[in-house]
Amino acid sequence: APAFEEFIATVDLECRVADTRCLPGDDIETVHSALVLGIHDYARKNKFTTAVIGLSGGIDSAVVAALACEALGPENVLSVMMPSPYSSRSSIDDSLELGRRLGMHVIEHPISLAYETLLRELKLEAPSEGRSSVAAENLQSRLRGNILMTISNSEGRLLLSTGNKSELALGYCTLYGDTNGGLAVIGDVLKTEVYELAQHINREREIIPKSIIQKRPSAELAPGQFDDQSLPPYDQLDRILRLYFEHRATAQEIVKTGFEASFVYDILN
């Protein structure tokens, strides 16, 4: 049967003619087709016709939004921007531009007032440059998760979460925050593959703005915060994760491919 599509045919099991169709591979076009089909089927089989996504201005949520629009139709996808005191203006502008290009509805629910109120109520110090505060940083993500789940409940929309496999593997995410959702669309997609998907989506025209693809990844939960301050470079990290998860390689086998032992054990631990 053709990959990732419905078809009806009569098949002669005794024809003794070799099948010329190829099995689906692991190229990015195959990954793209599988994800679109996955969203469409999961929504339909669970009686959802519409979806909601938190749009951050980063590449992960941009790719999920593009896939969702293809699977469900842009008119059925609602994207929500939820800027905090640490959100950059470019993230908001990029999100609006992405929504315009995809033809989906984008709304804004700022969380700054609720965030600052809860900081006072809980007697938490706000994060500052060079000094992190895990509780205060995660509070923003959980506020966003609350907003998205409320929209999901009140409008009957399927919430699509946007965390990638690289971040989820290392716990670089917030429980009850950006992990909220009914379907983790790219939960089995490494960060380097997310970039490949973005390029594939843009193969005919620029749907995902280049500014989103080229920006330095950041959770924007604190001033001057970037992913590479907490995580190894994604190209190195993903090679190790692929060997470990997909090829079932041991730590010693991964080291033999050219990595420092301490680096490998730090990631696996």
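First residue of the sequence shown? That's 8 in the numbering used here, and the numbers climb one at a time after it. No residue lacks a Cβ here, since even glycine has one placed at the ideal position from N, Cα and C.
I believe residue i touches residue j by the beta-carbon criterion, under 8 Å. Please report the beta-carbon distance rounded to the nearest angstrom.
i	j	result
Tyr202	Ile66	7 Å
Ile219	Asp101	5 Å
Leu42	Leu74	5 Å
Ala176	Leu248	6 Å
His116	Val71	Their Cβ separation, rounded to whole angstroms, is 18 Å, which puts His116 and Val71 out of contact at 8 Å.
By how many angstroms is the C-alpha of residue j removed from the C-alpha of residue i?
i	j	result
Pro230	His254	38 Å
Ala281	Pro92	The requested residue 281 does not occur in the structure, where the chain is confined to residues 8 to 276.
Thr199	Ile60	21 Å
Phe5	Glu104	Because the chain here runs from 8 to 276, residue 5 falls outside it and cannot be looked at.
Leu146	Tyr122	7 Å
Ala50	Leu166	10 Å
Lys54	Ser63	27 Å
Leu129	Gly189	29 Å
Ser98	Ala226	11 Å
Ser135	Pro216	30 Å
Sorted by chain position, which residues of the same chain lie with C-beta nearer than 7 Å to residue i's C-beta, five sequence neighbours on each side aside?
i	result
Tyr183	Arg149, Gly152
His207	Ile35, Glu36, His39
Val24	none
Give the range of the beta strand (DSSP E) segment to which residue i is assigned.
i	result
Ala58	58-61
Glu115	112-115
Leu295	Look at the range of the chain in this structure, 8 to 276, and you will see that residue 295 is not part of it.
Should residue i be labelled buried (16 or more other beta-carbon atoms within 10 Å of its own) or exposed?
i	result
Leu204	buried
Tyr241	buried
Ile114	exposed
Ser159	buried
Cys76	buried
Arg107	exposed
Glu213	exposed
Pro9	exposed
Taking 8 Å as the limit between beta carbons, can you name the residues of its chain near residue i, skipping five residues before and five after?
i	result
Tyr272	Ala258
Asp311	In the structure displayed, the chain extends from 8 to 276; residue 311 sits before or after that span and is not available.
Leu278	Nothing in the structure corresponds to residue 278, since the chain is present only between 8 and 276.
So the alpha helix (DSSP H) residue i belongs to, where does it begin and stop?
i	result
Val87	From DSSP, Val87 is part of no alpha helix (DSSP H) but of the beta strand (DSSP E) over 84-88.
Ile220	217-221
Cys22	That residue, Cys22, is in no alpha helix (DSSP H); it is neither H nor E in DSSP.
Lys130	From DSSP, Lys130 is part of no alpha helix (DSSP H); its letter is neither H nor E.
Glu200	198-208
For residue i, which residues from the same chain have a beta carbon less than 6 Å from its beta carbon, with the 5 sequence-adjacent residues on both sides left out?
i	result
Leu250	Ala256, Ile261
Arg223	Phe233
Thr181	Asn145, Ser148
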